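Residue numbers for the sequence shown follow the working numbering, so the first one is 263 and each next one is one higher. For every residue, glycine included, the Cβ atom is placed at its ideal position computed from N, Cα and C. What you are looking at is a predicted structure, and each value in this text was computed from that prediction instead of being measured.
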Amino acid sequence: MKKTFLLSLSGMAVSLAGDYELVIEIPSLDVSEYHRPYVAAWIEDDGRDHVMDVALWYDVAMKNGSGEKWLKDIRKWWRVSGRALEFPVEGFSGPTQPPGTHSVALKDYLAKLPAAPDKVYKLYVEASREVGGREMLAIPFSWDGETLTVQSDEPVVGKNELGPISLQPSQS
Numbered sequence: 263m264k265k266t267f268l269l270s271l272s273g274m275a276v277s278l279a280g281d282y283e284l285v286i287e288i289p290s291l292d293v294s295e296y297h298r299p300y301v302a303a304w305i306e307d308d309g310r311d312h313v314m315d316v317a318l319w320y321d322v323a324m325k326n327g328s329g330e331k332w333l334k335d336i337r338k339w340w341r342v343s344g345r346a347l348e349f350p351v352e353g354f355s356g357p358t359q360p361p362g363t364h365s366v367a368l369k370d371y372l373a374k375l376p377a378a379p380d381k382v383y384k385l386y387v388e389a390s391r392e393v394g395g396r397e398m399l400a401i402p403f404s405w406d407g408e409t410l411t412v413q414s415d416e417p418v419v420g421k422n423e424l425g426p427i428s429l430q431p432s433q434s
């Protein structure tokens, strides 16, 4: 079953016109040497072609850009986008995040995404942690230029490096 997000006010359906967010939970891990994960989020089309990057969390403040050295450990993202970029990238790069729930506003990204209601895009989230593991999750969705429709009711939940991830109407 597909989830279509619409807002109803006084019985009138109102499109959220691209005001959505990606919600990512980074779990708290009980390990002897904890390092915050590097996380990348990007969108691919139904032909598996990279469309755009949405977020990149890594050690942006490390001296001499040495945090960039570990970006290739976010393997899939590195192959489809990362190795072609110059860092830091304005607009979607940011520092690593602590355990907890974090959101990324998608309004500006969706405004650039071609409207194609019959096309299924995938929003990928990949995490890699030093002295830890690597995990990648995907949320299939369609976009008609105003309404984002998630293609499944099943929650998307990681097993180790990522908790639940979701696409939902913006809370702000």
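Residues near residue i in its chain [Cβ-Cβ closer than 8 Å; skip 5 each side]
i: Ser294; result: none
i: Pro289; result: Pro361, Gly420, Asn422, Glu423, Leu424, Gly425
i: Val351; result: Asp315, Leu318
i: Gln433; result: Glu283, Ser365
Nearest-angstrom beta carbon gap, residue j and residue i [assumed within contact, 8 Å]
i: Gly478; j: Glu423; result: Limits of the chain in this structure are 263 at one end and 434 at the other, which puts residue 478 out of reach.
i: Ser365; j: Glu283; result: 4 Å
i: Ile401; j: Leu368; result: Not confirmed; about 11 Å, so no contact.
i: Ile336; j: Ser390; result: 5 Å
i: Thr409; j: Val285; result: Contact flag wrong, Cβ pair sits at about 18 Å.
i: Trp339; j: Glu388; result: 5 Å
The alpha helix (DSSP H) enclosing residue i, as first and last residue numbers
i: Arg391; result: No alpha helix (DSSP H) holds Arg391; DSSP gives it neither H nor E.
i: Tyr371; result: 369-374
Run of the beta strand (DSSP E) containing residue i, from where it starts to where it stops
i: Leu318; result: 312-319
i: Glu287; result: 282-288
Residues near residue i by beta carbon distance below 6 Å, same chain, minus five either side
i: Ala317; result: Ala303, Phe354, Val366
i: Lys421; result: none
i: Asp308; result: Lys381, Val382
Residue i at chain B interface by Cβ criterion, 8 Å
i: Ser428; result: Among the chains in the structure shown there is no chain B, since it carries only a single protein chain.
Helix, strand or coil at residue i according to DSSP, with G and I counted as helix
i: Glu352; result: coil
i: Glu408; result: coil
i: Gly329; result: helix
i: Val224; result: Nothing can be reported for residue 224: it is not among the residues displayed for the chain, which extend from 263 to 434.
i: Lys384; result: strand
i: Gly344; result: helix
Contact set for residue i: own chain, Cβ-Cβ below 7 Å, skip 5 residues either direction
i: Pro417; result: Pro426
i: Trp319; result: Tyr300, Val301, Gly356, Pro357, Thr358, Gln359
i: Pro379; result: Ser404, Asp406
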